[in-house]
Amino acid sequence: MAVRNRSQYADTLHRPDPDSDEPEPACPVCYDDRADYTLVPVNAYRPHYDLCGYPQCFGGEDR
Numbered sequence: 057m058a059v060r061n062r063s064q065y066a067d068t069l070h071r072p073d074p075d076s077d078e079p080e081p082a083c084p085v086c087y088d089d090r091a092d093y094t095l096v097p098v099n100a101y102r103p104h105y106d107l108c109g110y111p112q113c114f115g116g117e118d119r
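Just so we're aligned, residue 57 is where the sequence shown starts under the working numbering, counting upward by one.
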């Protein structure tokens, strides 16, 4: 499973924060209080969405 912002402009999947009761990304992106996130299956969204590159999510360096 992954976390996706419900915004129509969202284009990135994030790893869910294991310490959160609500669907939120594990990376610093989740500090936006206005954002609303939902859990989605990675395989269904991967063809159209990028994977977050933060180390807390799906690897890579901080952007």
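Quick reminder that beta carbons are idealized off the backbone N, C-alpha and C, glycines included.
Predicted model, so just to flag it, every value in this text is computed and none were measured.
Skipping 5 residues on each side, what residues in its chain have a beta carbon closer than 6 Å to that of R62? D92, T94
So R60 packs on Y101, CB below 8 Å; how close in whole Å? 6 Å
Contact check, V85 vs M57 under 8 Å by CB: the rounded distance? With a Cβ gap of about 17 Å, V85 and M57 do not count as contacting.
May I have the straight-line CA-CA distance separating Y110 from D67, to the nearest angstrom? 15 Å
Span separating the alpha-carbon of G115 from that of L107: 9 Å
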